[in-house]
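Top to bottom, those sequences are chains C and G.
Here the first sequence stands for residues 1 to 263, numbered as in our numbering.
Here the second sequence stands for residues 1001 to 1306, numbered as in our numbering.
Glycine included, every Cβ here is placed at the ideal spot set by N, Cα and C.
Okay, structure first, notes after.
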Amino acid sequence: MLEIKNLSRTFFPGTVNERKALRNINLTLSDGEFVTVIGSNGAGKSTVLNMVAGKLQPDVGSVSIAGKNVTKMADYSRAKYIGRVFQDPMAGTAPTMSIEENMALAYSRGKFRGLGLGVSPKRRELFVEELKSLELGLEKRLKTKVGLLSGGQRQALSLLMATFSEPKILLLDEHTAALDPQRAALVSRLTNQIVERHKLTTLMVTHNMEQALQLGTRLIMMHDGEIILDLDSAQKSQMTVKDLLGEFEKIKGAQLDDRTMLQ
Amino acid sequence: MITAVELGLIYAIMALGVYLTFRILDFPDLTVDGSFTTGAAVAAVSIVNGMNPWLATVLAFLAGMVAGAITGLLHTKGKIDGLLAGILTMIALYSINLRIMGKANTPLLGEDTLISPMRAAGILGTWQSIAIFFLVSLILVGATVWFLHTEMGMAMRATGDNEEMIRSFGVSTDNQKILGLALSNGLVAMSGAVVAQYQGFADVGMGIGVILIGLASVIVGQAIFTQRYIWLAALAVVIGAVIYRLVIQFALGAGLEVNDMKLISAVLVVVALLLPKWKGFQKIVKSIKGKPQPVAETKEEVRSNA
């Protein structure tokens, strides 16, 4: 479903600040696979996500979605294949527009937007049904401006909006990081439910190793622009946070030794 | 007094255009000063050459759309700052407006215009003409509100509200901005066309400071009404435009000269912007309404829940 080939990107090339953000990344997600990506700051997790979304261009390499090469496609054009939830709960919704209007914006993802009514009675029924699945009572507040909702409610709504039109790829960029533990747990649970319900091919970046182990069918660890660990469902279920940290130290230590030896 | 209301209702068309860019797209568009005159010039020249005044007004609308689209292209494709893009188009339009008219002033005396039948029937300056102008502005408010609730219009509102978000749902925000600027300047030019027909001439200098009138109308209107509903906000713009004219009328009556009008406009905008921030004013509003505004109340409630 998602195929990333030889993806490389260097920031500020030729300057003292030169930084290799990605070094020849290869990653293939099969249909319905839910991959969690962990790694330290600057490992390149978000860079990969932004390249899939089209916010960043790679120096070399390609991104294909459902067999179609989208590397040169503008972010808004490829958005018809991709649902995104951002880290900032304020980022995924339009604050001065009502809940039902936000749902309507999401409903028409990648379709032509003409002069038909955005929120028709028929659509409103659909939106109510979808909102009920969040169990937050938002279906009773259709006319409420989204800016009046709490961070957790907004993020849950963002998640619903990103997914209910069934995109080919779902990108989650540390989408629970800015929430308090209770709300983060809620959004985590909803994520699991929704991904399973729609069988979405998902790429989720997180800082939280616990969450990375709980969610998803595959786990990837990145470090310094490379994928250093790739665990399938069976291996992942054996792992604890402690094991992951151990693996990380082991690989990182070995890498450092290699480099020092080369110098 | 009645003349002031009439003029206010005609300028309200322009203010609706300014509302589209300033409030909906969150884009301060200065093209308006040029496109207002463009509309007047196109309509006046067309009418003098024997065109039907309705058609001439539609043509003015289209000319305004082109002007707005140019500002939009400069801003989105050329990545020029929005304010500068507007100024560039506005200045360029000054020369273009002179080209259209061939001279600085095109009189419309004795021509068939949209206003001449009303003048002939003797209803200009009466309550009847106010009713007609009010009806026209209501129709345009209705059209604007309807548009803003269509899929296209909602994408435009989202563009002004949260650009990153609506891009992630597959909308080209560049196209939305260009479209919004085109529609806005179309309305502005149409207003210029009607003003020219109302006053009986188009003048190359008639657009100077129009942006301030537009902003004053939008801000004054919205200082009085809440912005909770689009239809109320759009209607507030029309009422703001009329209030602006009445204030000008009052200032003129109080001994200020026509030459002082731009100063009055600027002061009015500053007052309308600063007054709502003044605590004493907020207290007065509260005491009039008798209770705190419901919007603020729900916000507190949600926050304390979170």
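Item: Is any beta-carbon of chain C found at less than 7 angstroms from that of arginine 1023 of chain G?; Value: no
Item: Please compile the residues from chain G whose C-beta is within a distance smaller than 9 angstroms of the C-beta of proline 95 of chain C.; Value: Asp1161, Asn1162
Item: Using a Cβ distance threshold of 8 angstroms, determine whether the stretch 195 to 205 of chain C contacts the stretch 114 to 125 of chain C, with at least three qualifying pairs required.; Value: no
Item: Going by beta carbon distance, what residues of the same chain come within less than 6 angstroms of proline 58 of chain C, once the five residues before and after it are set aside?; Value: Leu7, Arg9, Met51
Item: Are the beta-carbon atoms of glycine 1214 of chain G and valine 1018 of chain G separated by less than 7 angstroms?; Value: yes
Item: Taking 7 angstroms as the cut-off, decide whether the C-beta atoms of serine 1035 of chain G and asparagine 1175 of chain G are in contact.; Value: no
Item: Under 8 angstroms Cβ to Cβ from glutamine 153 of chain C, same chain only, skipping five residues before and after it: list those, please.; Value: Leu136, Leu138
Item: Pick from C/Ala212, C/Gln238, C/Gly44, C/Glu33: whose alpha carbon is nearest that of isoleucine 25 of chain C?; Value: C/Gly44
Item: Suppose the cutoff is 7 angstroms on Cβ atoms and the five residues either side in sequence are ignored; what does the same chain contact list for glycine 110 of chain C look like?; Value: Ala79, Lys80
Item: Can you name, in chain order, every residue of its own chain whose Cβ lies under 8 angstroms from the Cβ of isoleucine 1100 of chain G, other than the five neighbours on each side?; Value: Thr1038, Ala1041, Val1042, Val1045
Item: Taking Cβ-Cβ distances below 7 angstroms as the criterion, which residues of the stretch 65 to 95 of chain C are in contact with chain G?; Value: Asp75, Tyr76, Ala79, Lys80, Arg84, Ala91, Gly92, Thr93, Ala94, Pro95
Item: Can a CB atom of chain C be found closer than 7 angstroms to the CB of threonine 1106 of chain G?; Value: no
Item: Anything in chain G within Cβ reach of glycine 116 of chain C, meaning under 8 angstroms, just list it in chain order.; Value: Thr1150, Glu1151
Item: In chain C, which residues lie with their C-beta within 7 angstroms of the C-beta of serine 1172 of chain G?; Value: Tyr76
Item: Starting from the C-beta of methionine 1090 of chain G, find all residues in its chain whose C-beta is less than 7 angstroms away, skip the five residues before and the five after it, and write them out in chain order.; Value: Leu1030, Thr1031, Asp1033, Gly1034
Item: Flag this pair as yes or no: are the beta carbons of glycine 32 of chain C and lysine 199 of chain C separated by less than 7 angstroms?; Value: yes
Item: Does the stretch 1012 to 1026 of chain G touch the stretch 1128 to 1142 of chain G, meaning 3 or more C-beta pairs lie closer than 8 angstroms?; Value: yes
Item: In chain G, which residues lie less than 9 angstroms from glycine 110 of chain C when you measure between Cβ atoms?; Value: Phe1169, Gly1170
Item: Considering only residues of the same chain and omitting the five flanking positions on each side of isoleucine 251 of chain C, which have a CB-CB separation below 6 angstroms?; Value: Ile228
Item: Alpha carbon to alpha carbon, how far is lysine 1262 of chain G from leucine 1109 of chain G? Give it in angstroms, no decimals.; Value: 27 angstroms
Item: Is it right to say tyrosine 76 of chain C is buried, meaning 16 or more other beta carbons lie within 10 angstroms of its own, or is it exposed?; Value: buried
Item: Given a cut-off of 7 angstroms on the beta-carbon distance, is the pair valine 1145 of chain G and alanine 1063 of chain G in contact?; Value: no
Item: Between alanine 1155 of chain G and chain C, is any beta-carbon pair separated by less than 7 angstroms?; Value: yes
Item: Out of G/Ala1266, G/Phe1250, G/Ala1092, G/Thr1003, point me to the one whose CA is closest to alanine 1131 of chain G's CA.; Value: G/Thr1003
Item: If you measure from the beta carbon of arginine 113 of chain C to each beta carbon in chain G, is any gap under 7 angstroms?; Value: yes
Item: Thinking C-alpha only, which one of C/Glu174, C/Phe164, C/Met209, C/Ala177 is nearest glutamate 196 of chain C?; Value: C/Phe164
Item: So, at 6 angstroms on beta carbons, what are the nonlocal neighbours of isoleucine 1288 of chain G in its own chain, with the 5 sequence-adjacent residues on each side left out?; Value: none
Item: Count the CB pairs spanning the stretch 1073 to 1088 of chain G and the stretch 1223 to 1233 of chain G that are closer than 8 angstroms, and state whether there are at least three.; Value: no
Item: What are the complete alpha helix (DSSP H) segments, minimum 4 residues, inside the stretch 1045 to 1119 of chain G?; Value: 1053 to 1076, 1082 to 1101
Item: By the 9 angstroms beta-carbon criterion, what residues does the stretch 1060 to 1086 of chain G contribute toward chain C?; Value: none
Item: In the DSSP assignment, what are the bridge partners of serine 98 of chain C?; Value: C/Lys145
Item: Could you spell out where the beta strand (DSSP E) holding isoleucine 1024 of chain G opens and where it closes?; Value: Note, isoleucine 1024 of chain G: premise wrong, no beta strand (DSSP E); not H, not E.
Item: Kindly list, in the order they appear in chain C, the residues whose Cβ is closer than 7 angstroms to that of methionine 1165 of chain G.; Value: Ala91, Gly92, Thr93, Ala94
Item: Using the Cα positions of methionine 265 of chain C and leucine 244 of chain C, report the straight-line distance between them to the nearest angstrom.; Value: An answer regarding residue 265 of chain C cannot be provided, because it is not within the stretch 1 to 263 covered by chain C.
Item: Quick one: residues in its chain with C-beta nearer than 6 angstroms to the C-beta of alanine 1296 of chain G, no 5 flanking neighbours on either side, listed in chain order?; Value: Low per-residue confidence applies at alanine 1296 of chain G: pLDDT is 40, beneath 50, and the placement is therefore not dependable enough to give any value.
Item: Quick one: which chain C residues come within Cβ less than 7 angstroms of alanine 1158 of chain G?; Value: Ala94, Met97, Leu105
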